[in-house]
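One structure is given here, and the rest of the page talks about it.
There are 2 protein chains.
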Amino acid sequence: MRPKIYLFGDSITEESFSDGGWGSSLANHFSRTADVVLRGYSGYNTRWALKVKEKVFPPPQQSGGGDAPPAAVTVFFGANDASLPDRCSGFQHVPPDEYKQNLLSIVAFLKKQWPSTCIILITPPPIDEAARLLHPYVDNPSGLPERTNEAAGIYAKQCLAAAAECGRPSINLWEKMQQFPGWEKAYLRDGLHLTCNGNKFVFEEVVKRLKEEGISLENLPADLPLISEIDTDNPLKSFDN
Amino acid sequence: MRPKIYLFGDSITEESFSDGGWGSSLANHFSRTADVVLRGYSGYNTRWALKVKEKVFPPPQQSGGGDAPPAAVTVFFGANDASLPDRCSGFQHVPPDEYKQNLLSIVAFLKKQWPSTCIILITPPPIDEAARLLHPYVDNPSGLPERTNEAAGIYAKQCLAAAAECGRPSINLWEKMQQFPGWEKAYLRDGLHLTCNGNKFVFEEVVKRLKEEGISLENLPADLPLISEIDTDNPLKSFDN
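In structure tokens, the structure reads:
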């Protein structure tokens, strides 16, 4: 039985199996060692995530009972919580304090269900406001972006504070991405969602953090003998164990 | 609980979550409706697959007991079985008759475990022999390709015969790909494994066949409300059911 790695988040998670997406890159990386399971819900904020967590992660007795705890869960919300309350995506807004509390509640829920599972909190990415205006996904006659980079930064800080408070690893995407000159176009395709390079960035950060938590190709056993391990003179012998 | 779609096969399956791979495209296509589970084993032929099938698909009581049967399993072998016996990949060769019987045994095993699961047999792709010589994956001083297109065609026919005998849907990749002028370079990157276009071809064929079997976005319920279904005036109300 291969361990599972759940990806729980919003649209940046839901679309992570598109071409070059960070989710498919993870699945490819762990192709013989772990199952990467997609639980991305476009548009969701932490308030809605909290509301549906039991449906996303049913208790072991409901989901079959014998499933081993997942090796890891990435919790990647905040981009929608950070929508400004008085603009066109206001219905997705969640105040920063509540966002932090919601993250803590999600972690507590996962911890209760799976005490040994690695839970990684990922901050929202930075926002390129000019690009948001060019790529509105709802009618936005105001001429003002529905998200700002400053607001995303406040949520990133709350995410890190939540991770520190519950002693869990985190990835500060908001800060790390902005260290790269030209991050706006290099990493974001519409000021919010990831380009191929942005996906690569997230993939590499997640692999690095997982490795620090002991979840890596070096530590996980391969599922069945690799072709390089097959005895070419007597292949079937390789499967006797 | 989302239905699962298992991809069982050799390297063409194992690497199907690489950039633009047919597996990741399937996972993206079904991102809110089904879990695509990777069970690809590079270099494996049907003889080895038959030997490990209980480990790949443990009986329900061992895998948790409560797991619902998967919606579908793709069985995609033959590229290695078709390695010529007297050339550098001879240890992977399986005679055509045995290949067909092995496929039937794999289908019978899956049918016994999950009577209602859709099982799709996929033939090996065609072979571009010139490209195989340019991209040897083992030492090959003979100057002869380890696989030929003619041999792959014999295995494709056996695969179709097996599918007909057990009444299962099949995809004749070997024939369909060759209908496209320039298939050698368009669909194969090393005379055997898929290019981006080859992956797209396989993805579209699998989606089409699944749809014919009633497994499609139209028929599968989405996991949790879509953002377009959320009541923007009272979002939490959308999660009450």
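Chains A and B, in that order, give the protein sequences.
Per the numbering used here, the very first residue in the first sequence carries number 1; after that it's consecutive.
Per the numbering used here, the very first residue in the second sequence carries number 1001; after that it's consecutive.
Cβ atoms here follow ideal geometry from the backbone N, Cα and C, with glycine treated the same way.
Because the structure is a prediction, the values reported are computed rather than measured.
Grouping DSSP H, G and I as helix and E and B as strand, with all else coil, what is residue i?
i	result
Asp97 (chain A)	helix
Leu220 (chain A)	coil
Arg47 (chain A)	helix
Tyr1155 (chain B)	helix
Ala108 (chain A)	helix
Val138 (chain A)	coil
Gly1009 (chain B)	strand
Cys118 (chain A)	strand
Arg132 (chain A)	helix
Arg1209 (chain B)	helix
Ile1227 (chain B)	helix
Ser1024 (chain B)	helix
Leu1038 (chain B)	strand
Evaluate residue i with the Cβ neighbour count: other Cβ atoms within 10 Å of its Cβ, from every protein chain shown; 16 or more gives buried, anything less gives exposed.
i	result
His135 (chain A)	exposed
Gln1092 (chain B)	buried
Phe1180 (chain B)	exposed
Pro1128 (chain B)	A quick correction: the sequence has Asp, not Pro, at residue 1128 (chain B). By the 10 Å Cβ count, Asp1128 (chain B) comes out buried.
Lys1211 (chain B)	exposed
Asn1028 (chain B)	buried
Glu150 (chain A)	exposed
Ser228 (chain A)	exposed
Ala164 (chain A)	exposed
Looking only at C-alpha atoms, which of the options sits nearest to residue i?
i	options	result
Phe203 (chain A)	A:Asn219, A:Leu173 and A:Gly214	A:Leu173
Ser1089 (chain B)	A:Phe239, A:Asn241 and A:Asp231	A:Asp231
Leu50 (chain A)	A:Val37, A:Arg87, A:Lys100 and A:Asn241	A:Lys100
Lys111 (chain A)	A:Val37, A:Ser18 and A:Pro59	A:Pro59
Ala1130 (chain B)	B:Gly1143, B:Val1138 and B:Asp1097	B:Gly1143
Asp67 (chain A)	A:Met1, A:Asn80, A:Gly40 and A:Ile215	A:Met1
Gly1078 (chain B)	B:Asn1199, B:Met1177, B:Tyr1137 and B:Ile1122	B:Ile1122
Arg87 (chain A)	A:Tyr137, A:Ile215, A:Gln113 and A:Arg39	A:Tyr137
Thr1195 (chain B)	B:Ile1171, B:Gly1021, B:Leu1160 and B:Thr1013	B:Gly1021
Asp1019 (chain B)	B:Asn1199, B:Pro1003 and B:Leu1226	B:Asn1199
Pro85 (chain A)	A:Ser105, A:Thr148 and A:Val73	A:Thr148
Ile171 (chain A)	A:Pro124, A:Leu226 and A:Ser24	A:Pro124
Ser16 (chain A)	B:Arg1032, B:Phe1008, B:Gly1009 and B:Pro1003	B:Arg1032
Less than 8 Å between CB atoms is the rule here; does residue i satisfy it with respect to chain B?
i	result
Gly182 (chain A)	no
Trp22 (chain A)	no
Arg32 (chain A)	yes
Asn28 (chain A)	yes
Pro58 (chain A)	yes
Val254 (chain A)	The question about residue 254 (chain A) has no answer, for chain A in this structure spans 1 to 241.
Lys55 (chain A)	yes
Trp174 (chain A)	no
Ile215 (chain A)	no
Gly40 (chain A)	yes
Val37 (chain A)	yes
Leu144 (chain A)	no
Val206 (chain A)	no
Rounded to whole angstroms, what's the CA-CA distance from residue i to residue j? Just pull it up for me.
i	j	result
Phe30 (chain A)	Pro141 (chain A)	45 Å
Glu237 (chain A)	Trp1048 (chain B)	It should be noted that the sequence gives Lys, not Glu, for residue 237 (chain A). Looking at the two C-alpha atoms, the distance is approximately 10 Å.
Lys185 (chain A)	Thr1046 (chain B)	47 Å
Ser1011 (chain B)	Asp1190 (chain B)	13 Å
Asp1035 (chain B)	Ala1222 (chain B)	12 Å
Leu1224 (chain B)	Phe57 (chain A)	12 Å
Gly1043 (chain B)	Asn197 (chain A)	31 Å
Glu1054 (chain B)	Asp240 (chain A)	13 Å
Ile120 (chain A)	Asn102 (chain A)	15 Å
Val75 (chain A)	Asn219 (chain A)	23 Å
Ala1152 (chain B)	Ala1082 (chain B)	6 Å
Glu1245 (chain B)	Asp233 (chain A)	With chain B running from 1001 to 1241 in the structure shown, residue 1245 (chain B) is simply not present.
Asn1201 (chain B)	Leu1026 (chain B)	For clarity, residue 1201 (chain B) is Phe in the given sequence; the question names Asn instead. Approximately 12 Å between the Cα atoms of the pair.
Pro1169 (chain B)	Arg1039 (chain B)	20 Å
His193 (chain A)	Pro126 (chain A)	10 Å
Pro1095 (chain B)	Val1052 (chain B)	19 Å
Ala1072 (chain B)	Ser216 (chain A)	29 Å
Gly182 (chain A)	Val1037 (chain B)	36 Å
Gln1158 (chain B)	Arg1209 (chain B)	19 Å
Val1206 (chain B)	Ile5 (chain A)	25 Å
Ala1162 (chain B)	Leu1104 (chain B)	6 Å
Does any C-beta atom of chain A lie closer than 8 Å to the C-beta of residue i?
i	result
Pro1241 (chain B)	Inspection of the sequence shows that residue 1241 (chain B) is occupied by Asn rather than by Pro. No, because no Cβ of chain A sits closer than 8 Å to the Cβ of Asn1241 (chain B).
Thr1074 (chain B)	no
Pro1235 (chain B)	yes
Glu1014 (chain B)	yes
Thr1232 (chain B)	yes
Phe1017 (chain B)	yes
Val1043 (chain B)	Just to set this straight, residue 1043 (chain B) is Gly in the shown sequence, not Val. Output row for Gly1043 (chain B): interface = yes.
Ile1227 (chain B)	yes
Asp1190 (chain B)	no
Phe1091 (chain B)	yes
Gly1198 (chain B)	no
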